[in-house]
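In what follows, a single structure is set out as structure tokens and then discussed.
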Amino acid sequence: MSPTAIPIPVLPQAQDVPEPAEIRRWASERGILILAHSYQDGFLQEAAHFVGDSLELARAAAREQAHAICFCGVHFMAETAKILNPAAEVFVPDLEAGCSLADSCRAEDLARYQDFLAGKLGRRPVTVAYINCTAGVKALSDVICTSGNAREVVDSIPAGEPVLFVPDQHLGAWVAEVTGRELILWNGSCIVHELFSVDTVRRLQEQHPGAVTLAHPECPKAVREAADQVLGTAGMLRVAREAQDQTFIVATESNMLYRLNKEAPQNMYIPAPGASCACNLCPHMQKNTPEKLWRALQARQPQIEVAPEVAARARRALERMLAVRPAAR
Ligand code: 13P
Ligand code: SF4
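In structure tokens:
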């Protein structure tokens with residue numbers, strides 16, 4: 120293995136926390152579905168019934184048979200689960216696990232900007248919101264997208280309609296490039312992906328000629344341009360599964376490497392370091408721990424609640440996204 124390849128260990132567990140498989144079995148017996156995003160550490164991924172990207176998790180949460188969901192991810196993901204499945208109890212290991220992107224766009228600021236644009240353009244723009252936003256922002260949006268379907272969602276909007284894309288400026292800029300659409304961008308960004316440095320990516324590429332570089336669309340333009348492919352986490356996994364004995368340089372949150380190594384172990388994965396350190400862990404995702412998961416499962420707390428009128432409008436935008444046909448890529 121290359122000296123730059125950093126394996127992501129499964130966290131050591133505390134004395135009173137059962138093994139991941141035991142936690143999963145315990146939850147199944149009580150009808151609790153544990154969902155985890157691929158940016159959760161190995162322990163939480165192993166404890167989950169289902170691990171996925173934001174789109175797959177939204178679909179899993181919407182399934183009618185999920186009556187109780189413990190969501191290992193960040194707040195907007197659990198909120199999305201509650202909006203799509205209002206009858207279900209949705210609870211999380213840590214209510215404080217937030218997201219810098221979601222924080223960058225407050226509903227009241229968005230409403231003011233939409234009014235300003237309506238005055239300037241003579242009509243309201245279609246608002247496309249990346250799923251990494253609050254329920255309040257979703258409620259003000261026409262359609263939601265994820266990193267896995269942003270291109271198709273924007274393509275589904277009739278040509279000539281002005282489009283406002285919130286809150287991620289980098290994902291928005293990438294979608295504008297691949298769709299050829301002019302988008303009005305909000306200026307939010309992800310604190311994890313913003314820190315990837317094109318110089319360190321280039322250095323790794325020199326050290327590993329023949330490596331394929333994968334960058335998440337939340338990365339800044341210079342990093343995306345240095346990559347061979349720009350893909351959300353589900354796309355990265357698909358490409359890795361199809362490859363054989365390939366070295367990949369991966370510019371996304373480092374826990375993704377746990378999933379890649381587990382599901383496509385035939386390849387080697389090298390995490391792209393950030394500008395100032397080698398770890399690109401999301402501090403929000405990291406708030407969830409095995410202890411907090413175990414406690415949340417037993418207490419079925421803390422629960423996620425969304426005001427019904429906000430949830431109803433947000434659900435419309437989410438359902439419009441879920442109705443967009445995935446591209447055959
Ligand atoms: P996805 O690629 O799963 O959409 O995740 C990106 C992300 O930042 C989730 O917080
Ligand atoms: Fe938000 Fe970035 Fe963390 Fe995803 S990785 S939850 S976008 S801060």
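Those letters in the sequence shown? Residues 120 to 448, by the working numbering. All C-beta atoms in this analysis are idealised placements derived from N, C-alpha and C, irrespective of residue type, glycine included.
Spatial distance of residue i from residue j (CA atoms)
i, j, result
"Arg-231", "Val-247", "16 Å"
"Glu-271", "Ile-303", "17 Å"
"Glu-372", "Glu-227", "30 Å"
"Thr-352", "Glu-428", "32 Å"
"Pro-339", "Glu-325", "20 Å"
"Leu-229", "Val-273", "19 Å"
"Ser-121", "Ala-330", "Residue placement at Ser-121 is poorly supported in this model, since its pLDDT is 42, which falls under 50; the coordinates still yield a value, given next. If you take the alpha carbons of Ser-121 and Ala-330, they lie about 12 Å apart."
"Phe-169", "Thr-265", "18 Å"
"Asn-251", "Pro-328", "34 Å"
"Asp-364", "Val-358", "12 Å"
"Gly-214", "His-335", "The displayed chain sequence assigns Leu, not Gly, to residue 214. Rounded to whole angstroms, Leu-214 to His-335 spans 26 Å at the Cα level."
"Phe-190", "Pro-212", "7 Å"
"Tyr-377", "Leu-323", "20 Å"
"Ser-243", "Pro-281", "Note on residue identity: the sequence assigns Arg, not Ser, to residue 243. Arg-243 and Pro-281: Cα-Cα distance of roughly 8 Å."
"Lys-411", "Arg-182", "25 Å"
"Gln-422", "Glu-208", "7 Å"
"Ala-155", "Lys-406", "13 Å"
"Val-297", "His-312", "19 Å"
"Leu-259", "Arg-432", "7 Å"
"Ser-147", "Arg-360", "28 Å"
"Val-193", "Gly-299", "31 Å"
"Glu-382", "Ala-370", "18 Å"
"Ile-188", "Gly-241", "43 Å"
"Gln-184", "Pro-205", "12 Å"
"Ile-310", "Val-245", "27 Å"
"Cys-401", "Thr-319", "19 Å"
"Ser-275", "Arg-414", "43 Å"
"Val-294", "Arg-143", "37 Å"
"Leu-176", "Ile-153", "10 Å"
Exposed unless 16 or more other CB atoms sit within 10 angstroms - verdict on residue i
i, result
"Arg-178", "exposed"
"Glu-424", "exposed"
"Lys-257", "buried"
"Leu-356", "buried"
"His-186", "exposed"
"Phe-195", "buried"
"Asn-306", "exposed"
"Arg-343", "buried"
"Ser-308", "buried"
"Glu-141", "exposed"
"Phe-235", "exposed"
"Pro-277", "exposed"
"Asp-135", "exposed"
"Gly-171", "buried"
"Glu-301", "exposed"
"Pro-384", "exposed"
"Ala-221", "buried"
"Gln-164", "buried"
"Pro-286", "buried"
"Ala-341", "exposed"
"Ala-167", "buried"
Distance between beta carbons of residue j and residue i, contact taken as under 8 Å
i, j, result
"Leu-174", "Gly-279", "That pair is no contact at about 27 Å."
"Ala-362", "Asn-380", "Rounded, the Cβ-Cβ distance is 13 Å, inconsistent with contact."
"Ile-202", "Arg-419", "The pair is not a contact, with the Cβ atoms about 19 Å apart (cut-off 8 Å)."
"Asp-347", "Thr-366", "Not quite, the Cβ-Cβ distance comes to about 12 Å (not below 8 Å), so this is no contact."
"Val-317", "Ala-345", "5 Å"
"Pro-137", "Trp-145", "7 Å"
"Arg-149", "Val-262", "So it is not a contact: roughly 36 Å between Cβ atoms."
"Gly-393", "Leu-314", "4 Å"
"Ala-269", "Leu-290", "6 Å"
"Met-404", "Gln-233", "Not a contact, Cβ separation roughly 30 Å."
"Ala-216", "Thr-199", "Not quite, the Cβ-Cβ distance comes to about 14 Å (not below 8 Å), so this is no contact."
"Ser-223", "Met-375", "No, Ser-223 and Met-375 are not in contact; Cβ-Cβ is about 22 Å, not under 8 Å."
"Ile-151", "Leu-441", "Contact doesn't hold; Cβ gap of about 23 Å is too wide."
"Ala-430", "Ala-254", "7 Å"
"Pro-451", "Phe-162", "Residue 451 falls outside the range modelled here, since the chain spans only 120 to 448, and no answer is possible."
Beta bridge counterpart(s) of residue i as assigned by DSSP
i, result
"Tyr-388", "Phe-367"
"Asp-287", "Gly-307"
"Glu-208", "Ala-187"
"Gly-267", "Partner(s): none; Gly-267 has no beta bridge."
"Gly-171", "His-156"
"Leu-333", "Gln-348, Val-369"
"Thr-319", "DSSP lists no partner for Thr-319."
"Tyr-249", "Cys-264"
"Leu-416", "Answer is none; Leu-416 lacks a bridge partner."
"Ile-63", "Since the first residue of the chain shown is 120 and the last is 448, residue 63 is not available in this structure."
"Val-282", "Val-245, Leu-302"
"Gly-393", "Phe-315"
"Gln-422", "Phe-210"
Item checked: Below 5 Å from a heavy atom of the ligand FAD - residues by beta-carbon -> Absence of the ligand FAD is noted for the structure shown, with the ligand 13P and the ligand SF4 being the only ligands found.
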